[in-house]
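Numbering (this note's numbering), first residue to last: 1 to 180.
Where a beta carbon is used, it is the ideal one built from N, C-alpha and C, also for glycine.
Computed from a predicted structure; not experimentally measured.
Here's the structure we're looking at; comments come further down.
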Amino acid sequence: MQEVRLHGRGGQGVRFAARILARALFLSGYQTQDFAIYGAERRGAPVTSFVRFDVKPILERGYIFEPDTAVLLDETLNFSSVSVGLKGIILINSHRKPEYFSKKYNFHKKIYCIDATQIALQIIGKPIANAAILGALAKIMNIGMKKLEEAARMEFDEEGLKEIAQKNIEASTRCYEAIK
Numbered sequence: 001m002q003e004v005r006l007h008g009r010g011g012q013g014v015r016f017a018a019r020i021l022a023r024a025l026f027l028s029g030y031q032t033q034d035f036a037i038y039g040a041e042r043r044g045a046p047v048t049s050f051v052r053f054d055v056k057p058i059l060e061r062g063y064i065f066e067p068d069t070a071v072l073l074d075e076t077l078n079f080s081s082v083s084v085g086l087k088g089i090i091l092i093n094s095h096r097k098p099e100y101f102s103k104k105y106n107f108h109k110k111i112y113c114i115d116a117t118q119i120a121l122q123i124i125g126k127p128i129a130n131a132a133i134l135g136a137l138a139k140i141m142n143i144g145m146k147k148l149e150e151a152a153r154m155e156f157d158e159e160g161l162k163e164i165a166q167k168n169i170e171a172s173t174r175c176y177e178a179i180k
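Written as structure tokens, this is what we have:
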């Protein structure tokens with residue numbers, strides 16, 4: 001079983017990103033779970049979403065304390081609380097280089113950085129980077145853009161946001177292509 005934890009703030013679409021990711025994994029043949037926890041349930045408050053996936057049924061329930069992968073949508077969040085228990089990699093929405101975080105926090109696991117907010121601003125016209133950063137995550141996790149695009153279209157359509165799906169997919173594709 002693989003576990004992913006996504007961190008951000010209310011209004012950044014962290015919960016929605018987890019739903020898109022879980023659906024992309026489901027469309028790729030995995031069993032999935034996605035859920036979120038909210039603090040004050042207000043714009044700007046910390047939000048954490050979780051995704052589990054496996055080839056067999058998932059019996060585990062509850063929070064993910066030791067994720068294989070973490071995504072940080074807002075680098076102003078407490079890095080120590082985001083990285084605690086992390087077994088694998090972290091993907092950070094930032095214009096900074098991975099070395100900055102490694103040195104500042106004495107963190108020695110694999111770090112990827114992408115300025116998904118800037119890409120979202122350029123393509124979507126808004127600083128909402130949730131779908132954009134999923135492109136980078138899809139590349140890192142070898143999910144593939146085709147399944148991510150299909151999942152994003154379905155989720156945006158179900159939310160009544162079909163008209164903004166294409167630009168979000170373009171931002172996601174740009175992030176996918178930018179990750180080395």
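Item	Value
What distance in whole Å lies between the Cβ atoms of R9 and P67, which are believed to be in contact at a cut-off of 8 Å?	Contact doesn't hold; Cβ gap of about 19 Å is too wide.
What does the Cβ neighbour count give for S80, buried or exposed, with the cut at 16 atoms within 10 Å?	exposed
Given a cut-off of 7 Å, decide if A171 and A132 are closer than it, judged by their beta-carbon atoms.	yes
Can the beta-carbon of L73 be found closer than 7 Å to that of Q12?	yes
Note down the Cα distance separating M145 from A138, rounded to an integer number of angstroms.	7 Å
Report the three-state DSSP secondary structure of F107 (helix, strand or coil).	coil
Could you check the C-alpha separation between R23 and L6 for me, to the nearest Å?	15 Å
How far does the alpha helix (DSSP H) with V14 in it extend, from its first residue to its last?	14–27
For L86, which of helix, strand or coil comes out of DSSP?	coil
Whole angstroms is fine: what's the gap from L134's alpha carbon to A178's?	12 Å
Three-state secondary structure (DSSP) at F79?	helix
Among A120, E3, S83, which one has its Cα closest to the Cα of Y63?	E3
Using 8 Å as the Cβ pair cut-off and three pairs as the minimum, do the stretch 158–175 and the stretch 120–132 touch?	yes
If K109 sits next to L86, beta carbons under 8 Å apart, how far is it from one beta carbon to the other, in whole angstroms?	6 Å
Measure the alpha-carbon distance for G29 versus E150 and round it to whole angstroms.	13 Å
Find the nearest neighbour of V55 within the set I143, E159, M1, judged by alpha-carbon distance.	M1
Please classify D157 as buried or exposed, where buried requires at least 16 other C-beta atoms within 10 Å of its C-beta.	exposed
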